[in-house]
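Below is one structure, written out as structure tokens; the observations come after it.
Okay, here's the thing in structure tokens:
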């Protein structure tokens, strides 16, 4: 009999990281080659879904950013809910340190961005671009170091990125929606209320949640709110306590079902259609603009200063303790990796700027700042840990 082969989450993260980076490189090649016009045509290809007069007619990029990315946000919401209910963030003591670190890692980059763009008016709308961490890429990069990294650091970085995502979701909902339409918003509230009611009554079956989730998405889209955030609301009402014969809750089942799709298809597709910056003289000329400087220094300096500074203050004031085996040099490396902000950074850029010049500058510098953060972060953690964990334990036990 053949053995059953399963893909470990760590392997999936590594593959996802490679695919996302490959998609970004392909997008840059397509946007700066003879394929540029074809890339633009596909990017803006009109797609109509529904029946007249109840139909939505939008270009492909909108369906990807607000449609497919809804599945990504369901996955984000599921991960947040699981960690808060049963995981590493289920107690205040466990959650405090990464939450404080995430707060510092969001506030400092935003302040740096504002400092660079304050005189530029519309450019200020991008203040949230350098705030969020790309959880998939950050963990994929950390996994490259293998046993050199303490388990506690992986948990810390994952928890920090989850709080980052939670903050980013709240910011997008409050600051980056369009003009609110009253009637669709009421429908969205009613639909979400029905979903909560089904959850309370123990009747939140997958088909019912899928149908109501689709209605919620349409209502938010028509209301002018960022429709992809429907994913987080859907995740919030997925039951966590009811377990099947194998001991899996609907929440964990949803995560296992969506994780491969989001990691291997949706996020790379999003990266391909959002990272295609045409590098022209005008784009390079704007490299010293407030938007470019704010995004670059927000990601590369703001993240490391915010994460390390907030963690140091929390520990020195006695509010929190460092996880076992973790030193401040590890926190510094994790703060650098938190500056890898591809997915959320590109997502906020698409929402923040109507001016092509600002959007192109931000996207290009997100790629540069995130890449530099990744390279320096890996180097810091490689030298911070010294000899691999397995080898060190073997020496301590007197093994050969």
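Numbering (my numbering), first residue to last: 219 to 618. Ideal Cβ positions, reconstructed from N, Cα and C, are used throughout, including at glycine.
{"Query": "So, residue 582 versus residue 360, is the Cβ gap smaller than 9 Å?", "Result": "no"}
{"Query": "May I have the straight-line CA-CA distance separating residue 443 from residue 518, to the nearest angstrom?", "Result": "30 Å"}
{"Query": "Should the stretch 484 to 495 be called in touch with the stretch 272 to 288, which here means at least 3 C-beta pairs below 8 Å?", "Result": "yes"}
{"Query": "DSSP three-state label for residue 275, please.", "Result": "strand"}
{"Query": "Going by other Cβ atoms of all chains shown within 10 Å of its Cβ, with 16 needed for buried, is residue 498 buried or exposed?", "Result": "exposed"}
{"Query": "Between the stretch 508 to 517 and the stretch 537 to 547, do three or more beta carbon pairs fall short of 8 Å?", "Result": "no"}
{"Query": "Name, in chain order, the residues that DSSP records as bridge partners for residue 497.", "Result": "For residue 497, which the question treats as bridged, DSSP gives no partner whatsoever."}
{"Query": "Excluding the 5 residues flanking residue 233 on each side, which residues of the same chain have their C-beta closer than 7 Å to its C-beta?", "Result": "482"}
{"Query": "Looking at the unbroken alpha helix (DSSP H) that takes in residue 514, where does it start and where does it end?", "Result": "508 to 515"}
{"Query": "Can you say whether residue 340 is buried or exposed, counting buried as having 16 or more other CB atoms within 10 angstroms of its CB?", "Result": "exposed"}
{"Query": "Can you tell me whether residue 265 is helix, strand or coil according to DSSP?", "Result": "strand"}
{"Query": "Is it buried or exposed for residue 272, if we count other Cβ within 10 angstroms and need 16 for buried?", "Result": "exposed"}
{"Query": "Just to check my reading of the structure: residue 513 and residue 580 have Cβ atoms closer than 8 Å, yes? What is that Cβ distance to the nearest angstrom?", "Result": "5 Å"}
{"Query": "Less than 9 Å between the C-beta atoms of residue 493 and residue 560, yes or no?", "Result": "yes"}
{"Query": "Starting from residue 351 and walking both ways along the alpha helix (DSSP H), at which residues does that stretch end?", "Result": "It is not in any alpha helix (DSSP H) - residue 351 carries neither H nor E in the DSSP assignment."}
{"Query": "Using a Cβ-Cβ cutoff of less than 8 Å, which residues in the same chain neighbour residue 437 once the five nearest sequence positions on both sides are dropped?", "Result": "402, 403, 405, 406, 409"}
{"Query": "Using a Cβ distance threshold of 8 Å, determine whether the stretch 335 to 350 contacts the stretch 284 to 294, with at least three qualifying pairs required.", "Result": "no"}
{"Query": "Taking the C-alpha atoms as reference points, what is the distance between residue 338 and residue 456?", "Result": "43 Å"}
{"Query": "Give the straight-line distance between the Cα atoms of residue 238 and residue 414, rounded to the nearest whole angstrom.", "Result": "34 Å"}
{"Query": "Which runs of the alpha helix (DSSP H) spanning at least 4 residues fall entirely within the stretch 419 to 478, listed in chain order?", "Result": "424 to 441, 448 to 454"}
{"Query": "Starting from residue 530 and walking both ways along the alpha helix (DSSP H), at which residues does that stretch end?", "Result": "521 to 534"}
{"Query": "My output table needs one value for residue 345: the three-state DSSP class, helix, strand or coil.", "Result": "coil"}
{"Query": "Let's test the definition: count the other Cβ atoms within 10 Å of the Cβ of residue 421 and tell me whether it reaches 16, buried, or not, exposed.", "Result": "exposed"}
{"Query": "Measuring straight from C-alpha to C-alpha, what distance separates residue 246 and residue 423?", "Result": "42 Å"}
{"Query": "Expressed to the nearest angstrom, what Euclidean distance is found between the alpha-carbon atoms of residue 600 and residue 366?", "Result": "7 Å"}
{"Query": "Please classify residue 399: does DSSP put it in a helix, a strand, or coil?", "Result": "coil"}
{"Query": "Between residue 523 and the ligand GTP, is the CB less than 8 Å from at least one heavy atom?", "Result": "Among the ligands in the structure shown, none appear at all, so the ligand GTP cannot be discussed."}
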